[in-house]
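Okay, so here's the structure we're looking at.
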Amino acid sequence: MPDSTVETTTDDRPTPPRITVLGTGYLGATHAVAMAQLGFDVVGVDTDPAKITALANGKVPFYEPGLPELLEQSLASGRLRFTTDVASAVADGDVHFICVGTPQSKSGHAANLSYVEAATTAIARHLTHDAVIVGKSTVPVGTAARLREIVAQQAPAGVRVELVWNPEFLREGKAVHDTLHPDRIVLGGVSAYAEAVLREVYAGPIAEGSPVVVTDLPTAELVKVSANAFLATKISFINAIAGVCEAAGADVTVLADAIGHDKRIGRQFLDAGLGFGGGCLPKDIRALMHRAGELGAHRAVGLMQQVDEINMGQRDHVIAMATEACDGSVLNRRIGVLGAAFKPHTDDVRDSPALNVAAALHLRGAQVTVFDPQAGDTARATFPTLSYATSTQEAVEGADVVLLLTEWDEFLQADPAQLAALVGSAHLVDARGKIDAATWRDAGWSVRTLGRAA
Ligand code: UGA
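So the number in this note's numbering is just where the residue sits in the sequence shown, counting from 1, plus 470.
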């Protein structure tokens with residue numbers, strides 16, 4: 471583990487390198503904490519003073535299991551601090567990670583790169599000594615080359631600086647584990663010097679066996695979006711097959727188990743249901759569509775368009791099932807919605823299929839009551855007009871139909887007999903295919919799932 475004195479190696483590398491992390495959202499906050507856990511001195515930088523104050527006080531501004539404890543430990547160790555002062559942070563650092571967001575732009579499918587450009591400009595301008603700038607944000611292919619031009623224009627003369635790409639593959643809900651024990655470490659566009667610096671930064675995971683892939687900048691950028699595009703394709707594939715299963719009287723869950731035994735296919739990401747959402751998969755496939763179109767790679771555009779359409783169609787399918795359970799109209803009917811987050815173990819409701827379905831039913835005149843164990847506040851901030859319950863029981867009270875939209879354990883373990891006594895009509899749409907349907911039917915419920923015959 472590195473100690474806190476910085477020395478230099480024979481190739482003038484500072485060792486251990488001091489680290490800055492620009493952007494302290496999901497990716498950046500987790501990365502900063504992970505780097506401090508690996509023994510480095512780390513400064514987290516953000517332009518949002520509220521975020522910085524919260525983190526500096528040991529408060530994680532989002533729900534991520536395990537992160538608050540590690541944040542507290544890292545702060546107590548003295549290895550991690552947070553600031554809004556980018557100039558001093560950059561002056562005191564050797565390796566600068568760009569972890570800012572690249573949301574879908576408001577006017578189209580392209581990624582909004584303004585935050586990445588601003589962070590790169592800020593780092594380059596404030597450099598006082600040699601440095602490596604490491605992009606981790608998910609960007610369209612070709613972005614890093616443009617950022618190199620910004621660095622060349624903005625960096626002070628005489629400073630040796632290199633911009634490389636090192637995409638991040640963490641999953642929300644498992645962010646700490648994924649950051650400390652990555653499946654692979656991709657280093658794009660590195661010189662021998664930058665590779666040596668990053669091999670030192672990731673010495674812990676590398677020693678544990680994380681494979682390192684050294685490649686050029688465009689490949690590194692594309693690895694990330696392609697990984698997400700493949701995961702999205704896998705989900706939409708199984709959801710398309712789920713439609714066939716429903717029509718043919720087959721069971722998509724058993725089918726997924728059976729094909730998943732083939733190691734070439736694998737069982738993960740073959741859970742049919744309401745489909746994917748969140749801050750990554752939807753925006754990344756759209757950004758890929760946009761960029762592939764610009765590059766003239768139209769087959770990828772067509773494929774991603776289909777993946778997106780199948781995915782969005784699952785939401786309509788669940789709305790149709792809810793409407794059917796209400797005898798053809800949801801107007802003035804009571805609907806209990808279990809789940810608002812885009813998946814369990816997060817409070818993230820960005821492009822959440824669950825919240826999207828709840829809101830659509832509300833707009834059709836249903837009285838929708840939502841309960842989510844963690845995402846109540848974020849959901850309320852996004853859709854204040856829905857009503858929010860504080861328990862499963864409260865959400866289902868008097869309901870004409872109950873929709874299970876996010877597969878939190880608490881819902882899967884709920885007592886169907888107890889809930890049956892609370893509802894108006896015991897109709898359940900299990901949009902994630904995770905409950906034990908036989909037990910619920912025994913307790914008096916009618917149960918519909920996607921990918922199984924009615
Ligand atoms: C995803 C990728 O899994 C990460 O590797 C990547 O680093 C991250 O995006 C990112 O780009 O930052 P995440 O958005 O946290 O991670 O969520 P996933 O666990 O991938 O789930 C995405 C969605 O797919 C969820 O809505 C989930 O409910 C849905 N899903 C997942 C299914 O519908 N079926 C499945 O079988 C699996």
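Every residue gets a Cβ at the ideal spot worked out from N, C-alpha and C, and that includes glycine.
Could you check if Phe510 is buried or exposed, using at least 16 other CB atoms within 10 Å of its CB as the buried criterion? buried
Is there at least one non-hydrogen atom of the ligand UGA closer than 6 Å to the beta-carbon of Phe510? no
Taking C-beta to C-beta, are Gly743 and Arg902 nearer than 7 Å? yes
Return the residue from the list Ala726, Ser706, Gly894 that minimises the CA-CA distance to Met782. Ser706
With a 10 Å radius around its C-beta and 16 neighbouring C-beta atoms as the bar for buried, classify Asp870 as buried or exposed. buried
What would DSSP say about Thr909, mapped onto helix, strand or coil? helix
Is any non-hydrogen atom of the ligand UGA found closer than 6 Å to the C-beta of Lys813, if you look at the structure I gave you? yes
By the DSSP assignment, the beta strand (DSSP E) with Leu492 in it spans what residues? 489-492
I'd like to confirm something about Gly745: is its beta-carbon nearer than 6 Å to some heavy atom of the ligand NAD, or not? Among the ligands modelled here, namely the ligand UGA, the ligand NAD does not occur.
Straight-line Cα distance separating Thr793 from Thr848: 26 Å
When DSSP labels each residue in this structure, what does Tyr496 get in the three-state scheme? helix
Please state if the CB of Gly719 and the CB of Leu923 are separated by a distance shorter than 7 Å. One detail in the question is off: residue 923 reads as Ala in this sequence, not Leu. In contact: Ala923 and Gly719 (Cβ atoms closer than 7 Å).
State the Cα-Cα distance for the pair Glu764 and Ala887, rounded to the nearest angstrom. 55 Å
Please report how far the alpha carbon of His579 lies from the alpha carbon of Met759, in whole angstroms. 8 Å
Alpha carbon of Val634 to alpha carbon of Ile655, nearest angstrom: 13 Å
Tell me whether Gly498 counts as near the ligand UGA, meaning its Cβ is closer than 6 Å to at least one heavy atom of that ligand. no
Neighbour-count burial assignment, Val724, 16 or more Cβ in a 10 Å radius: exposed
Along the chain, where does the beta strand (DSSP E) containing Thr479 start, and where does it finish? Note, Thr479: premise wrong, no beta strand (DSSP E); not H, not E.
Relative to the alpha-carbon of Ala668, which residue among Val604, Gly748, Leu856, Ala829 has its alpha-carbon at the smallest distance? Reading the sequence as shown, one finds Leu at residue 668 and not Ala. Comparing Cα-Cα distances from Leu668 to each of Val604, Gly748, Leu856, Ala829, the minimum goes to Val604.
Nearest-angstrom Cα separation, counted from Arg549 out to Leu926: No answer is possible for residue 926: the residues shown for the chain start at 471 and end at 924.
Taking 6 Å as the cut-off, is the beta-carbon of Leu920 closer than that to any non-hydrogen atom of the ligand UGA? no
Would the C-beta of Asp817 count as close to the ligand UGA, meaning under 6 Å from any of its heavy atoms? no
Can we count Arg641 as close to the ligand UGA, meaning its CB is less than 6 Å from some heavy atom? yes
Going by the beta-carbon positions, is the gap between Ala702 and Leu773 smaller than 7 Å? no
Alpha-carbon spacing of Lys644 relative to Lys813, whole angstroms: 12 Å
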